[in-house]
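*Asks:* Numbering (the numbering used here), first residue to last: 275 to 746.
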Amino acid sequence: GAIAIKTQDYLMQQVLPESLAASLVRLRAVRQRSAEVNNFNSRVDAVESEVMQEVTRLQDELRRQQEQGRTLAQLSFRPDVKLLSLDGNTAVPALRHVLTSNSRVLERMFAAHTAEAQSGTIKTEATLSVLEHVMKSLHCAACADDEADAVVLLGACELAARWELGAVFRSTASALRNKLDARSAALVLAAADKHVEADAASAGWQKLREDAAAALARLMPMGALQPAFKTLGLSSILEVVSNVTEDTVTVPDLAIDITLPGYTGSQIDFFGPLSKDLVWRPRDRDGVKFDEHWLWASIGSGRGAIDDGSLGLYMKNVGHVAGKQVEFAIKANNKEWRGDNDAGMSTLPAGQGFGWHDFLSPQEIPTAAVEGKITVRGTVTVPARQRKADVLNMWLLATESVNEPLSPAELLLCLRAHACDFNAAAADTSALKEQLSERGLDTSGGVNTLRTRLRDAMHAALPVASPPSRLR
């Protein structure tokens, strides 16, 4: 074979043109490589076949073990108690000694020799799904479905708390924390509000309350559209507010084409939605109300620009935003131009704006252009204080405590009224005098005088405590 190959090479060199001979050599190399690849693929197929056979064997073994486990469970599990679900027709089996050894509530019930305890059939106010989850968690913790719906997990937490099943409560609460969306976070927070002071599992409810409040703050403003949001108490909504942080809203890109004839002195406008809402206002179940903003650029004269050919950038709010910080940036040719404006605590009235009249000088404009266009990118940072006020306003609107959003000063007075459980602002003269008389205070004067006197007394009676650091 080697002699034949050498002979073939010799003949190729003698007879064939040099280019054709080289092509044949390459073709032979490709053919040899293809044979190697085919050989490798055959080995891979053989290994894959062996792996699949082993997987099939292991699956068969697992099924056999599971069958054995079910058989042993049936032999060892002889239920002597039936728990009726809320519909009264469906029963969930259980073992009496498991129930009584884990729950002092159920132990006392069976010890009292009630009719239910004697018959072994106990009526509950839990749904079938909740009962099944609790009994699985109690009899076989590994059998519990941690992927159950959040409503089922919340119901299981409430049943476990009512029956003082501490281990079941902790495991179920842990699973529930991983499923907190806007709807379930509001439900959990509303439920925790009722349990945190009364249940034996209050420490567990307190932790759930904190986690649900943090999740609801993170999921605003959609969290305010959940039905359970308006049922929250003042302490719960303040827990939510304490978790609210500043928010960054992206301004749509503004592309300025400087190749247009006579661009100096021209006006380039851009109008469009921001990436998020600048001020949260609940509107309906379909969404929230967006404040409109304009971002525009002026080169040369027009709309407040300096008439020297420089480029000015401006933002105008049609809505209402308090205490915002705005940043714009242009990057081109390894150079960056930045501008920022901190409006501090001030409120920018509707129809007003801010910006930089000389963001780029006439000499910098060509430098900042890429293929004849200058692209402006920007953000608006909504501070935490604005977002906190938004959440409080959404809660007051949802609970129909107010008809329109309140200013920060009005918010403070309204929240104090909630804390005092009496709204002096909405009370008439007779109600104000009655409240003042109960406190032994003077009832003379006009309605405004009475209202101020009562407010001062109620606010002075509120407990004094340092607020959480997140609220400061």
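Note that the Cβ used here is the ideal one computed from N, Cα and C, for glycine as well. Quantities reported herein were computed from a predicted structural model and do not represent experimental measurements.
With 16 as the cutoff for other CB atoms within 10 Å, does residue 501 come out buried or exposed?
*Replies:* Stepping through the sequence shown from its first residue, residue 501 is reached at position 227. Exposed is the call here.
*Asks:* Measuring CB to CB, does residue 666 end up less than 8 Å from residue 685?
*Replies:* Along the sequence shown, read from residue 1 onward, the residue named residue 666 stands at position 392. Along the sequence shown, read from residue 1 onward, the residue named residue 685 stands at position 411. A contact, by the Cβ cut-off of 8 Å.
*Asks:* Tell me which same chain residues have a C-beta within less than 6 Å of the C-beta of residue 447, skipping the five on either side of it?
*Replies:* Counted from its first residue, the sequence shown places residue 447 at position 173. Correct list, in chain order: 431, 478 and 482.
*Asks:* Could you check what DSSP says for residue 425 in three-state terms: helix, strand or coil?
*Replies:* Here the question's residue 425 lines up with position 151 in the sequence shown. Three-state DSSP puts residue 425 in a helix.
*Asks:* Find the nearest neighbour of residue 509 within the set 484, 656, 494 and 634, judged by alpha-carbon distance.
*Replies:* Sequence index remark: in the sequence shown, residue 509 carries index 235 (1-based). Cα-wise, what sits closest to residue 509 is 484.
*Asks:* In three-state terms, what does DSSP make of residue 586?
*Replies:* Within the sequence shown, the letter at position 312 stands for residue 586. In the structure shown, residue 586 sits in a strand (DSSP, three-state: E or B).
*Asks:* Does DSSP put residue 357 in a helix, a strand or coil?
*Replies:* Along the sequence shown, read from residue 1 onward, the residue named residue 357 stands at position 83. Looking at residue 357 - three-state DSSP - the assignment turns out to be strand.
*Asks:* If the criterion is Cβ atoms closer than 8 Å, does the pair residue 407 and residue 422 meet it?
*Replies:* Mapped onto the sequence shown, residue 407 falls at position 133. Mapped onto the sequence shown, residue 422 falls at position 148. Yes, they are a contact pair.
*Asks:* With the cut-off set at 8 Å, would you say residue 729 and residue 710 are in Cβ contact?
*Replies:* If you number the sequence shown from 1, residue 729 lands on position 455. If you number the sequence shown from 1, residue 710 lands on position 436. No, these two residues do not count as a Cβ contact at 8 Å.
*Asks:* Buried or exposed, going by whether 16 or more other CB atoms sit within 10 Å of the CB of residue 495?
*Replies:* Taking the sequence shown and counting its residues from 1, the one referred to as residue 495 is at position 221. Looking at its Cβ environment, which holds 16 or more other Cβ atoms inside 10 Å, residue 495 is buried.
*Asks:* Buried or exposed, going by whether 16 or more other CB atoms sit within 10 Å of the CB of residue 708?
*Replies:* By 1-based counting over the sequence shown, the position of residue 708 is 434. By the neighbour-count rule (16 or more Cβ atoms within 10 Å), residue 708 is not buried but exposed.
*Asks:* Exposed or buried, which one is residue 367 when buried takes at least 16 other CB atoms within 10 Å?
*Replies:* As a working mapping, residue 367 is identified with position 93 in the sequence shown. Exposed, since its Cβ has fewer than 16 Cβ neighbours within 10 Å.
*Asks:* Do residue 491 and residue 463 come within 8 Å of each other at the CB atom, strictly closer than that value?
*Replies:* To locate residue 463, count along the sequence shown from 1; it is residue 189. To locate residue 491, count along the sequence shown from 1; it is residue 217. Cβ distance not < 8 Å, so residue 463 and residue 491 don't count as in contact.
*Asks:* In chain order, what residues of the same chain lie with their CB nearer than 8 Å to the CB of residue 405, ignoring the 5 residues before and after it?
*Replies:* Looking up residue 405 in the sequence shown gives position 131. Closer than 8 Å at Cβ, skipping near neighbours: 357, 359, 366, 398 and 433.
*Asks:* For the beta strand (DSSP E) that residue 464 lies in, which residues bound it at each end?
*Replies:* Taking the first residue of the sequence shown as 1, we reach residue 464 at position 190. Counting along the chain, residue 464 falls outside any beta strand (DSSP E), though it belongs to the alpha helix (DSSP H) covering 456-469.
*Asks:* How far does the beta strand (DSSP E) with residue 367 in it reach, from first residue to last?
*Replies:* Residue mapping note: residue 367 aligns to position 93 of the sequence shown, counting from 1. Element bounds for residue 367: 365-368.
*Asks:* When you compare only the Cα positions, how much space is there between residue 413 and residue 380?
*Replies:* Stepping through the sequence shown from its first residue, residue 413 is reached at position 139. Stepping through the sequence shown from its first residue, residue 380 is reached at position 106. Looking at the backbone, the Cα of residue 413 and that of residue 380 are separated by about 15 Å.
*Asks:* Over what stretch of residues does the beta strand (DSSP E) that includes residue 446 continue unbroken?
*Replies:* Here residue 446 is taken as the residue at index 172 of the sequence shown, counted from 1. No beta strand (DSSP E) holds residue 446; the alpha helix (DSSP H) holding it covers 440-451.
*Asks:* DSSP state of residue 529, grouped into three classes?
*Replies:* Here residue 529 is taken as the residue at index 255 of the sequence shown, counted from 1. Annotated three-state conformation of residue 529 is strand, per DSSP.
*Asks:* Considering only their Cβ atoms, is the gap separating residue 648 from residue 532 smaller than 8 Å?
*Replies:* As a working note, residue 532 is residue 258 in the sequence shown. As a working note, residue 648 is residue 374 in the sequence shown. In contact: residue 532 and residue 648 (Cβ atoms closer than 8 Å).
*Asks:* Give me, in chain order, the residues of the same chain whose beta-carbon lies closer than 8 Å to that of residue 312; leave out the 5 immediate sequence neighbours on both sides.
*Replies:* To locate residue 312, count along the sequence shown from 1; it is residue 38. Within the same chain, residue 312 has no close Cβ partners at all.
*Asks:* Kindly indicate which three-state DSSP category residue 497 falls into: helix, strand or coil?
*Replies:* The count along the sequence shown starts at 1 and reaches residue 497 at position 223. Reduced to three states, the DSSP call for residue 497 is helix.
*Asks:* Here's a check: name, in chain order, each residue in its chain whose Cβ is nearer than 6 Å to the Cβ of residue 373, leaving out the five neighbours to either side.
*Replies:* Mapped onto the sequence shown, residue 373 falls at position 99. Closer than 6 Å at Cβ, skipping near neighbours: 380.
*Asks:* For residue 630, does the three-state DSSP call read helix, strand or coil?
*Replies:* As a first step, residue 630 must be located in the sequence shown, where it is residue number 356. It is a strand residue.
*Asks:* Have a look at residue 387 and residue 732 and give me their C-alpha separation to the nearest angstrom.
*Replies:* Position 113 of the sequence shown, counted from the start, is the residue given in the question as residue 387. Position 458 of the sequence shown, counted from the start, is the residue given in the question as residue 732. C-alpha separation (whole angstroms): 51 Å.
*Asks:* Can you grab the Cα-Cα spacing for the pair residue 662 / residue 520, in whole Å?
*Replies:* Translated into the one-based positions of the sequence shown, residue 662 becomes position 388. Translated into the one-based positions of the sequence shown, residue 520 becomes position 246. In a straight line, the C-alpha of residue 662 is about 9 Å away from that of residue 520.
*Asks:* Can you tell me whether DSSP reads residue 521 as helix, strand or coil?
*Replies:* Your numbering for residue 521 matches position 247 in the sequence shown. Residue 521: strand per DSSP, three-state reduction.
*Asks:* Check this for me: beta carbons of residue 362 and residue 401, under 8 Å apart or not?
*Replies:* Counting from 1 along the sequence shown, the entry for residue 362 is found at position 88. Counting from 1 along the sequence shown, the entry for residue 401 is found at position 127. No, Cβ-Cβ distance for residue 362 and residue 401 is not below 8 Å.
*Asks:* Take residue 516 as the anchor and find which of 455, 660, 458 and 436 has the nearest alpha-carbon.
*Replies:* Position 242 of the sequence shown, counted from the start, is the residue given in the question as residue 516. Residue 660 is the option with its Cα nearest to residue 516.
*Asks:* Let me know if residue 783 comes out buried or exposed under the rule of 16 or more other beta-carbons within 10 Å of its beta-carbon.
*Replies:* Absent from the structure is residue 783, since the part of the chain shown begins at 275 and ends at 746.
*Asks:* Can you tell me whether DSSP reads residue 436 as helix, strand or coil?
*Replies:* Taking the first residue of the sequence shown as position 1, residue 436 is located at position 162. If DSSP states are grouped into helix, strand and coil, residue 436 belongs with the helices.
*Asks:* Taking only the alpha-carbon atoms, compute the straight-line gap between residue 676 and residue 652 and give it to the nearest angstrom.
*Replies:* As a position in the sequence shown, residue 676 is number 402, starting the count at 1. As a position in the sequence shown, residue 652 is number 378, starting the count at 1. So the alpha carbons of these two residues sit roughly 35 Å apart.
*Asks:* For the beta strand (DSSP E) holding residue 397, just list the boundary residues, first then last.
*Replies:* Stepping through the sequence shown from its first residue, residue 397 is reached at position 123. Taken as a continuous stretch (DSSP letters only), the beta strand (DSSP E) holding residue 397 covers 395-397.
*Asks:* Comparing alpha-carbon positions, which option in 646, 679, 586 and 673 lies nearest residue 635?
*Replies:* Position 361 of the sequence shown, counted from the start, is the residue given in the question as residue 635. With distances taken between Cα atoms, residue 635 lies closest to 586.
*Asks:* Measuring alpha carbon to alpha carbon, tell me which residue in 396, 461, 467 and 392 is nearest residue 437.
*Replies:* Here residue 437 refers to the residue found at position 163 when the sequence shown is read from its first residue. Residue 396 is the option with its Cα nearest to residue 437.
*Asks:* Between which two residues does the beta strand (DSSP E) containing residue 654 stretch?
*Replies:* For the purposes of this step, residue 654 is taken as residue 380 along the sequence shown, with counting starting at 1. Counting along the chain, the beta strand (DSSP E) containing residue 654 begins and ends at 647-656.
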